[in-house]
Each structure stands twice: as C-alpha cells, then as structure tokens.
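Student:
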Amino acid sequence: IESTFNATFEAVQQNFSEVVSTLFPGGEGRLTLVKPETDGADGVREDGGGGTDDGGGVMTEEEEEDAAAGISIDQRGIEISVKPARKTVRSLSLFSGGERSLVAIAFLFAIFLARPAPFYILDEVEAALDDTNIDRLLIMLRSFQDRTQFIVITHQKRTMEVADTLYGVSMGADGTSKILSRRMNGDDAELSGVETIGD
Amino acid sequence: IESTFNATFEAVQQNFSEVVSTLFPGGEGRLTLVKPETDGADGVREDGGGGTDDGGGVMTEEEEEDAAAGISIDQRGIEISVKPARKTVRSLSLFSGGERSLVAIAFLFAIFLARPAPFYILDEVEAALDDTNIDRLLIMLRSFQDRTQFIVITHQKRTMEVADTLYGVSMGADGTSKILSRRMNGDDAELSGVETIGD
Amino acid sequence: MYLKSVKARGFKSFARPVEFAFEPGITVVVGPNGSGKSNIADAVVWAMGEQSPSAVRGATMQDVIFSGSDQMAPSGMAEVELVFDNSCGTIPLDFSEVMISRRLYRDGDGQYFINKSGCRLIDVGELLSDAGLGRDSHSIISQGKVDAVLEGRPTERRAHIEEAA
Amino acid sequence: MYLKSVKARGFKSFARPVEFAFEPGITVVVGPNGSGKSNIADAVVWAMGEQSPSAVRGATMQDVIFSGSDQMAPSGMAEVELVFDNSCGTIPLDFSEVMISRRLYRDGDGQYFINKSGCRLIDVGELLSDAGLGRDSHSIISQGKVDAVLEGRPTERRAHIEEAA
Ligand SMILES: Nc1ncnc2c1ncn2[C@@H]1O[C@H](COP(=O)(O)OP(=O)(O)OP(=O)(O)O)[C@@H](O)[C@H]1O
Ligand SMILES: Nc1ncnc2c1ncn2[C@@H]1O[C@H](COP(=O)(O)OP(=O)(O)OP(=O)(O)O)[C@@H](O)[C@H]1O
Ligand SMILES: [Mg+2]
Ligand SMILES: [Mg+2]
Numbered sequence: 039i040e041s042t043f044n045a046t047f048e049a050v051q052q053n054f055s056e057v058v059s060t061l062f063p064g065g066e067g068r069l070t071l072v073k074p075e076t077d078g079a080d081g082v083r084e085d086g087g088g089g090t091d092d093g094g095g096v097m098t099e100e101e102e103e104d105a106a107a108g109i110s111i112d113q114r115g116i117e118i119s120v121k122p123a124r125k126t127v128r129s130l131s132l133f134s135g136g137e138r139s140l141v142a143i144a145f146l147f148a149i150f151l152a153r154p155a156p157f158y159i160l161d162e163v164e165a166a167l168d169d170t171n172i173d174r175l176l177i178m179l180r181s182f183q184d185r186t187q188f189i190v191i192t193h194q195k196r197t198m199e200v201a202d203t204l205y206g207v208s209m210g211a212d213g214t215s216k217i218l219s220r221r222m223n224g225d226d227a228e229l230s231g232v233e234t235i236g237d
Numbered sequence: 039i040e041s042t043f044n045a046t047f048e049a050v051q052q053n054f055s056e057v058v059s060t061l062f063p064g065g066e067g068r069l070t071l072v073k074p075e076t077d078g079a080d081g082v083r084e085d086g087g088g089g090t091d092d093g094g095g096v097m098t099e100e101e102e103e104d105a106a107a108g109i110s111i112d113q114r115g116i117e118i119s120v121k122p123a124r125k126t127v128r129s130l131s132l133f134s135g136g137e138r139s140l141v142a143i144a145f146l147f148a149i150f151l152a153r154p155a156p157f158y159i160l161d162e163v164e165a166a167l168d169d170t171n172i173d174r175l176l177i178m179l180r181s182f183q184d185r186t187q188f189i190v191i192t193h194q195k196r197t198m199e200v201a202d203t204l205y206g207v208s209m210g211a212d213g214t215s216k217i218l219s220r221r222m223n224g225d226d227a228e229l230s231g232v233e234t235i236g237d
Numbered sequence: 020m021y022l023k024s025v026k027a028r029g030f031k032s033f034a035r036p037v038e039f040a041f042e043p044g045i046t047v048v049v050g051p052n053g054s055g056k057s058n059i060a061d062a063v064v065w066a067m068g069e070q071s072p073s074a075v076r077g078a079t080m081q082d083v084i085f086s087g088s089d090q091m092a093p094s095g096m097a098e099v100e101l102v103f104d105n106s107c108g109t110i111p112l113d114f115s116e117v118m119i120s121r122r123l124y125r126d127g128d129g130q131y132f133i134n135k136s137g138c139r140l141i142d143v144g145e146l147l148s149d150a151g152l153g154r155d156s157h158s159i160i161s162q163g164k165v166d167a168v169l170e171g172r173p174t175e176r177r178a179h180i181e182e183a184a
Numbered sequence: 020m021y022l023k024s025v026k027a028r029g030f031k032s033f034a035r036p037v038e039f040a041f042e043p044g045i046t047v048v049v050g051p052n053g054s055g056k057s058n059i060a061d062a063v064v065w066a067m068g069e070q071s072p073s074a075v076r077g078a079t080m081q082d083v084i085f086s087g088s089d090q091m092a093p094s095g096m097a098e099v100e101l102v103f104d105n106s107c108g109t110i111p112l113d114f115s116e117v118m119i120s121r122r123l124y125r126d127g128d129g130q131y132f133i134n135k136s137g138c139r140l141i142d143v144g145e146l147l148s149d150a151g152l153g154r155d156s157h158s159i160i161s162q163g164k165v166d167a168v169l170e171g172r173p174t175e176r177r178a179h180i181e182e183a184a
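Residue numbers (the working numbering), protein chains in the order written: chain A, 39 to 237; chain B, 39 to 237; chain C, 20 to 184; chain D, 20 to 184.
This is how it looks when you write it as structure tokens:
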C-alpha cells in the first residue's frame, strides 16, 4: 500500500505542476509531503515557509531517509503551494475565491490524470470563476473527455457549450422535478409529458 | 435592551415575510423565536416541526408568558421557516444552493429594512443564483438605494446593470492591484496611470 | 467503464420515476435554482451506499424520501438505480451491465441490490471498489464543496490520493 | 451617513496607494479573479477594528501587509483610511466628515486614528456604534459567507438582530 501511495503521489505531483501552469498561465504549483502537525492545530499556524497553505514544514532528503528507516511515513500530509504569475507565494487562505477554486480543481485533476475514476460529477465547481477561468477549465475538461465520463451540473450558459449530452431539469407545477429536455450532439429529444420551457 | 430586541424582532418578522414573498413568488416565510437548544447539538436533530432549519420547538403563547414572568427570554433563538411555491415546508438543509442564498438574503434584508445600517458591502452574494433570481435580487436592491448605500462586489455582468457608480479593479503587470476605471451614471472617468482593459 | 443510467423514484424532488441516460464524454445538466440538479448527484452518492445523511443534505436518512408537495402526497419509499457499463470487464462479474440499487422506506427499513438481487452494503462497497469508485465518493464534488480539499489538514488530503492509489 | 471613501496603501494587493470614492446609492465593483475586489471589503472590515486575522483571511494580522510581488518589494506597513459623510450628524462629533484610519507595521505595532488623531481601538468601536455600525460588521457579507446565517444555531442568529436593535 505504501509504495502504491508513493507511486501515485509522484504521478499526482507531476500532474499538479502541469495543470497549475495551464490554469494559472505563467504560474507554478507544487505538492509536497510534510510531517503531520504535532500540535493538534489545523496546521495553519505552522506556516513557516510561506506560499503554502499550512502544514508542519518540508522534509529534507535526510529526513525522508530517516523516516523510511524507522518513522512511519504514511502519516505525512500533502502541502499545496501555488505561485500565480507576477505574485509571490503566500498562504492559500489569502488567495481569492476564484484562485482557491482553481487550486482545488487543479488538485482534483492531478489525481484524475494519475488514476482516473470511471466518472466524475462536478456540481457548480465554476461558481467563483470569471469567464476567462471558466474557459480554461472547459478547455481542460474537453481534453479529458476521451478518458473519463464527466457529469457537470451548472447554471452557467458558458459551461453548456462543452456538452456532448445536455439535460434540462425543471420543477413542475406539481412540485416535483422532471426532465425537461435532452439534447445529444445537436439533436433535440423532447421527452414525453414535457411542458414547454419557461412554465 | 430586551424590549428593543422584541420591537426590532417584530419588525424583522414582518419584513421577512414580505421579502420572502418577493424573492420566492407564491412562497411564504416566517421567523419564530424558539427555546434554545438544550442538548448542546447544533439544533438540527431537534427539527420537530418540519419546514424549519433546526431549533428546539416553537413556544406557545402560554410559554411566552411564563418566560416573560421568570425565565430569560433573551436566550431564545430565531428559527427560519420558508415554503417555496408548490413545495412543502422542509428543513433548510435540503434547500438548493440558490434557495439557501435567497433565504439568507431575505433574512439580511429583513433586518436592514427594520434598522438600516449606513452601508452594506455584498461580496458575490449572487454566486449561486440563476438569472431569474439575480434579477429579483437586483430589483430589490434598486428599491432600497435611497435608504442606504450598497457596495456590491461581483464578477457577473448582469449585476453591473444596477450600478450608480461602477469601479473596475485589475491586477497590474507589477503584481499589485490598481483601479482600472470608474464610471458614474454613464460618464466614464479613466484614472491616470491606467492601462487599457485586457492588459 | 462508465455510468450508463440513473433512475430515481420517490427520491427527494423526483417523486415520479425519472431516468437519466448518460454517455461517455461530457454530460451537462442545467436548470433553474431548486429544479433538482444537485438531487441527481445526491441520488448517485446515495445509491453508492452513503451512510451519512448530511452527505445528502439531510438530518435523517428518511429526508431523502419525497416528502410531498402542494399537489402530491409524500412517498412511502425512495429508490435509486444505477447502471454501469461493464463491457470492459472492470467489475469482475460476467455481465456487460451492472446494476446497483438502493431502497429506503419511511420506517427506516432499507435494502441494497446488485443486478436486482438483494445484497449487503458491504457487497456494494466491494463492487464499487473493483470499479475504481471509492466508498467516500471522492469523484463527486458537491455544490459549494470544491474548496473543501483546501480547508482540510494536509493529512486529510492524503485520503484523496490513497483512495485513488 | 454614508461611506465616502476608502484609501489603502500597503494593504494586501494594494501596494501603491489607491482611493475609492463612494456615493450614496449602489456602487458595483467588478474585475477578474484575484484582481483585489474582496481585498477592498477586507480593508473596510480591518479599518473598522477587526481583531481576528481569519476575518480578513489571514493566519496572523501581518498577513494584511503587502508581502511583495515579482517586481515589487514587500511593504513595511499597511494603512487604510475610511471617510464617513456625517452631514446628518449621526456621529456626535462636530465634523461633516469623520475619518477612521488604522496602521499596522511588520513588527506587529499598530495604531488607530480618528480624524488623524491617535486613539484607542475602543474609541473606534464607540464611534462606529454611534454610526450604526456594529463591531461585528454584520453589514459586510464576505465572499462565500452568505449562507453563514443559515448554518449557525438559532441563538447565533439573534446576534444579527441584537446588533441592529
Ligand atoms: N425529501 C424531499 N422531498 C421533496 N422535495 C425535496 C426533498 N429534499 C429536497 N427537496 C427539494 O429539492 C429541491 C432542491 O433541489 P436541488 O438541490 O437539486 O436544486 P438545484 O437544481 O441543484 O438548484 P440550485 O441551482 O439552486 O443549486 C429543493 O427545493 C428541496 O426543497
Ligand atoms: N499580503 C498580501 N500581499 C500581496 N498580495 C496579497 C496579500 N494578501 C492577499 N493578496 C493577494 O490578493 C489577491 C486576492 O485578491 P481578492 O481576494 O481581492 O480577489 P478578488 O478580486 O476578490 O477575486 P475573486 O473574483 O476570485 O474573488 C490574491 O491574489 C492574493 O494573493
Ligand atoms: Mg444545486
Ligand atoms: Mg473575491
């Protein structure tokens, strides 16, 4: 299990840096394994190095070997560090709402690229993103669509553009949800018992 | 202080019902004073009556009088109950993201209408709202603008429509924020040292 | 391996039976606030065996049963059925489609089924694990929860990678 | 009574001095992700005397001091100045404009000013209270926090009304 984790983590590490450079053009991102927090705090106060969210400091090569020798490595946590273009590295808590969403999405996609799950459901993950960043996210999603299935819930028109299949849901006059329409690759398929849009 | 609270609460109660009927057309909303939770839980598990978020049950008239007589009333909490059109009353946790935002906004506006603060800052409060609900929110904001000052932070174009004054901010090439432009009631005022939009 | 269809009946706002058919690639679900979009995600999470009511926004698990509207009486049971395409053989069963279903009655009684045959929660968990879907549904990002991975401790983030590994 | 202007210097991403002039009515602030919009709200909350770094998204209060960019060195001090229009006389001072300022230095040393004259935090609190602005800034709804009033216990919601009352 341990070596599986390490192998996976290395792949995720690599992917994270690549995804961050796509979602934050001109920026850089890094994942690091760190000692678990010892003080029981959520780690925020141990932010020694700047540019990281929290976590008890980065292990050196020697420390890693010591750990391998005797101390349990699999207690180490994952520290996320991102430097957007032109900005210096700082605590993730100070990042803007949209920036935080992008970092979280980059982490998720980094794992996906290493070990794809059969499907992903994303519910309004782009709520905090401006149009430019939504476009970057959608281009990325599109590049993944041969590898895995994505079900994307949104109320944004822009996101509808990348759909292979588009479902509309609606609250009916009887107070229950119904499928209003389904469109696949340009064909509209109206379902039976459907009222016109804009009821 | 106690009677001030009660007088204020009654006004807020009234306003809440009115604001909910505007933000949830065909719906109803109600605020109730309830006994504080005794079990130390966050109140969710005491949801006896349905259609409310949580809280330890509604006090009857008699109980209110008993409380007035001897027990401290000012420990009572505020229970929020909303019934959207066509739906039955249920726990707020089951409401959709957009519905929850609207309920929270209704609560805030109900207090504002009773005792306006000199200014309000709203930072992306409409993130979960669809266009129809954003419009309802904006119509409401417009109706308030003679009474109080609103500073509304958004990345949505629709929200920009109600601005008396519009500020654009931007991250400069030097990694610091600058004011890109300011428009008041249709006049554009470009500020010195400003680069063109889309730098 | 992909999710082929989701059927729901008596589940949250889906009082009447609905069926969503999904294809490989990108499916986008749109609709107004409160129309039922996130309820689809809840249905999938729930059918996969979720044990915590708060993960589907309820206080008790019965909260997922359609509780009635102005025009319609509450349901007595919630049922969700997921069909997975298994033509790649990812799940070690000799079926090209694998169906997982879950039912819950008002009295709290509940059942799980694999290919319509009653089973235990643990059987569902093992099957999903074979399919590459962890029990903690790390592949389902709920509304408002995208930041959650940043807020946990560094050690909590490990779980995401451990599940994938 | 309204907020007439906000000046910031060395505060978060506002390294160079900026000034926002506000009018009664509705001001809308737009800009791309990470441009500094929410930092304006933080500046107002901070200048009003906020004592908790997490309320302005920091781990320590020094987190609000501009910490540098690729092209610019970190600042040694953060300063924010708010000017309130007082022509209605809501604040019992004989001025038609009332200015509140706050400074913080890297070493943690900080100061408050009313009309450019040094004062204590408690003086700022009293002045704001006269102005109808509670210390807990219930009139500032931070990004992602609109639902917060629904998540608290019923007794926590009281505070919103008590502050307004
Ligand atoms: N047990 C239940 N019975 C009936 N209706 C329910 C039940 N549980 C939830 N609902 C209703 O389902 C609706 C929520 O649907 P959902 O969260 O899927 O909306 P949504 O389409 O995601 O909206 P949004 O865009 O605002 O996120 C709510 O109106 C809620 O009252
Ligand atoms: N002390 C600091 N020094 C320099 N920059 C800082 C400091 N604190 C925060 N920042 C930067 O300010 C930016 C955040 O700005 P802000 O939160 O105001 O963005 P925003 O315009 O609200 O974006 P969004 O639309 O995504 O919410 C971040 O990029 C962050 O790195
Ligand atoms: Mg939703
Ligand atoms: Mg922001």
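Where is the CB? At the ideal position from N, CA and C, for every residue including glycine.
1. Can you name, in chain order, every residue of its own chain whose Cβ lies under 6 Å from the Cβ of D:G50, other than the five neighbours on each side?
2. With a cut-off of 8 Å, does the C-beta of D:A212 fall near any C-beta of chain B?
3. Would you check whether ligand 4 has a heavy atom nearer than 7 Å to the C-beta of D:K56?
4. Would you call the CB atoms of D:L169 and B:A166 closer than 8 Å?
5. Excluding the five sequence neighbours on either side, which residues of its own chain have a C-beta within less than 8 Å of the C-beta of A:Q187, listed in chain order?
6. Of the choices B:T197, B:R220, B:I217, B:Q51, whose alpha-carbon is the least far from that of B:I12?
7. Distance check for C:D155 and A:A144, CA to CA, integer angstroms please.
8. Would you mind sorting B:N216 into buried or exposed? The rule is 16 or more other CB atoms within 10 Å of its CB.
9. Helix, strand or coil, according to DSSP, for D:Q162 in the structure here?
10. Looking only at its chain, what residues have a beta carbon closer than 6 Å to the beta carbon of C:H179, apart from the 5 residues adjacent to it on each side?
11. Could you tell me the alpha carbon to alpha carbon distance between C:R76 and B:S131, rounded to whole angstroms?
12. Can A:M198 and C:V47 be called in contact, C-beta distance under 8 Å?
13. Can you tell me the Cα-Cα spacing of A:P154 and B:A201, whole angstroms?
14. Could you name the residues of chain A that B:E56 contacts, counting a contact when the two beta carbons are closer than 9 Å?
15. Give the secondary structure of D:K31 by DSSP, where H, G and I count as helix, E and B as strand, and everything else as coil.
16. Considering only DSSP beta bridges, list what C:S24 is partnered with.
17. Can you have a look at B:K125 and say buried or exposed, based on whether 16 or more other CB atoms are within 10 angstroms of its CB?
18. Since D:Q162 meets chain A, which of its residues come closer than 7 Å, beta carbon to beta carbon?
19. So, with DSSP's three-state summary, where would you put D:D155?
20. Taking one C-beta from the stretch 85-93 of chain D and one from the stretch 127-141 of chain D each time, how about it: are there three or more such pairs within less than 8 Å?
21. Compare the beta carbon distance of D:V83 and D:A97 with 8 Å and say whether it is the shorter of the two.
22. DSSP on C:R139, reduced to helix/strand/coil?
23. For C:R139, which residues in the same chain have their Cβ closer than 8 Å to its Cβ, ignoring the five residues on either side in sequence?
24. Would you list the one or two residues that DSSP bridges to A:G67?
25. What are the start and end residues of each continuous beta strand (DSSP E) run of 3 or more residues lying completely inside the stretch 129-163 of chain A, in chain order?
26. Looking at the strands, I want to know which residues DSSP matches up with A:K125.
27. For B:L160 and chain C, any beta-carbon pair shorter than 8 Å?
28. Mark A:F47 as exposed unless 16 or more other C-beta atoms lie within 10 angstroms of its C-beta, in which case mark it buried.
29. For C:V102, would you say it is in contact with chain A, using Cβ-to-Cβ distances shorter than 8 Å as the test?
30. Which residue spans inside the stretch 169-196 of chain B form an unbroken beta strand (DSSP E) run of at least 3?
31. Count the other C-beta atoms from every protein chain shown that fall within 10 angstroms of the C-beta of D:F30, then say buried if there are 16 or more, exposed otherwise.
32. Measuring straight from C-alpha to C-alpha, what distance separates B:T192 and A:D168?
33. List the DSSP bridge partners of C:T46.
34. Any heavy atom of ligand 1 closer than 7 Å to the Cβ of C:Q162?
35. Compare the C-alpha of B:L146 against each of B:G136, B:G135, B:L160 and name the closest.
Tutor: A quick look at the data gives this:
1. Around D:G50: K56.
2. Nothing can be reported for residue 212 of chain D, as the shown portion of chain D is limited to 20 through 184.
3. Correct: D:K56 has its Cβ closer than 7 Å to ligand 4.
4. No.
5. Contacts found: P156, F157, Y158.
6. Absent from the structure is residue 12 of chain B, since the part of chain B shown begins at 39 and ends at 237.
7. Counting only the Cα atoms, C:D155 lies some 20 Å from A:A144.
8. The question names Asn, yet the displayed sequence has Lys at residue 216 of chain B. Counting the other Cβ atoms within 10 Å of the Cβ of B:K216 gives 16 or more, which makes it buried.
9. In this structure, DSSP gives D:Q162 a state outside helix and strand, which the three-state scheme calls coil.
10. Excluding sequence neighbours, C:H179 sits near H157.
11. Straight-line Cα distance between these residues: approximately 6 Å.
12. Closer than 8 Å, so yes.
13. Cα to Cα, the separation comes out at about 45 Å.
14. Ordered by position in chain A, no residue passes the 9 Å Cβ test against B:E56, which lies about 23 Å from the chain.
15. Secondary structure at D:K31: coil, using DSSP grouped into helix, strand and coil.
16. Residue pairing for C:S24: DSSP places it in a beta bridge opposite C:A40, C:V102.
17. Around the Cβ of B:K125, a 10 Å sphere holds 16 or more other Cβ atoms; the residue is buried.
18. Within chain A, the residues G135 have their CB atoms less than 7 Å from the CB of D:Q162, given in chain order.
19. Of the three classes helix, strand and coil, the one that applies to D:D155 here is coil, per DSSP.
20. Too few Cβ pairs lie closer than 8 Å, so no.
21. Result yes, Cβ atoms of D:V83 and D:A97 sit closer than 8 Å.
22. DSSP places C:R139 in coil when its eight states are reduced to three.
23. Result list for C:R139: Y131, in chain order.
24. Looking at the DSSP assignment, A:G67 forms a beta bridge with A:V120.
25. With a minimum length of 3 residues, the continuous beta strand (DSSP E) runs that stay inside the stretch 129-163 of chain A are 157-161.
26. Looking at the DSSP assignment, A:K125 forms a beta bridge with D:S88.
27. Answer no: the Cβ-Cβ gap between B:L160 and chain C never drops below 8 Å.
28. Burial call: buried.
29. Contact with chain A is absent for C:V102, since none of that chain's Cβ atoms lies less than 8 Å from the residue's Cβ.
30. Taking only runs of at least 3 residues, the beta strand (DSSP E) segments lying wholly in the stretch 169-196 of chain B are 187-191.
31. Burial call: buried.
32. Counting only the Cα atoms, A:D168 lies some 10 Å from B:T192.
33. Answer is A:I189, A:T203.
34. Indeed, a heavy atom of ligand 1 lies less than 7 Å from the Cβ.
35. The alpha carbon of B:L146 has as its nearest neighbour, out of B:G136, B:G135, B:L160, the alpha carbon of B:L160.
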